[in-house]
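Asker: I am attaching a structure below and will ask some questions about it afterwards.
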Amino acid sequence: MKIAIAHQNGQVADGNACTEYLIVTVENGQPTGKELAHASGTGSTAMLTFLGMMQVDVLICGALGVSMRNALEMIGILLVPGVTGPAEEAAAKFIVGEKQGDPSILEVCREEDPDDPMACMHDCSKCAGCGPVHVPEEALKNLPKI
């Protein structure tokens with residue numbers, strides 16, 4: 001299992017703007033390795049790409065936006081948000097099963113990512129693939145009233 005801790009100056013950092021992660025590898029309930037790794041940029045796309053490439057199973061962080069939470073949960077990463085304090089201590093607590101963090105901690109802001117390939121800025125209602133389809137007004141005129 002790989003645990004990523006959003007990291008800044010040895011402390012647990014907020015997830016959305018983080019570019020540095022402490023990666024702890026755990027086997028049979030024991031830490032077997034750790035490394036400080038850097039994402040190639042900030043923003044949702046960079047974070048998702050980095051965590052996916054590192055094959056992370058768990059993310060421990062401070063505040064995290066709703067869209068990022070949804071995206072991380074969709075790719076199967078277990079989230080432990082709302083954590084504060086030393087990053088290594090947070091990893092140790094997770095490994096032994098100690099409860100920590102506050103899942104109600106949300107960063108309420110518009111989560112924009114200039115590298116978003118769909119240019120939807122994570123507003124899923126604009127996406128015909130996963131949200132309601134936007135029907136132009138001209139087309140609505142031709143639909144029967146129900």
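In case it helps, our numbering puts the sequence shown at residues 1 to 146. We treat Cβ as the ideally placed atom computed from N, Cα and C, and that holds for glycine.
#1: What does a CB cutoff of less than 6 Å around Ala-91 pick up in its chain, not counting 5 residues either side in sequence?
#2: Can you tell me whether Asn-70 is buried or exposed, with buried defined as 16 or more other CB within 10 angstroms of its CB?
#3: How is Ala-6 classed by DSSP in three states: helix, strand or coil?
#4: Would you mind working out which of Glu-73, Tyr-21, Lys-99 and Gly-15 sits nearest Glu-35, comparing C-alpha positions?
#5: What's the call for Gly-52, buried or exposed, on a 16-neighbour Cβ count within 10 Å?
#6: Considering only the alpha carbon of each residue, which of Gly-10, Val-58, Val-12 and Thr-19 lies closest to Ile-95?
Answerer: Concretely, from the data shown:
#1: Ile-3, Ile-5 and Val-24
#2: exposed
#3: strand
#4: Tyr-21
#5: exposed
#6: If we check each option's Cα against that of Ile-95, Val-58 comes out closest.
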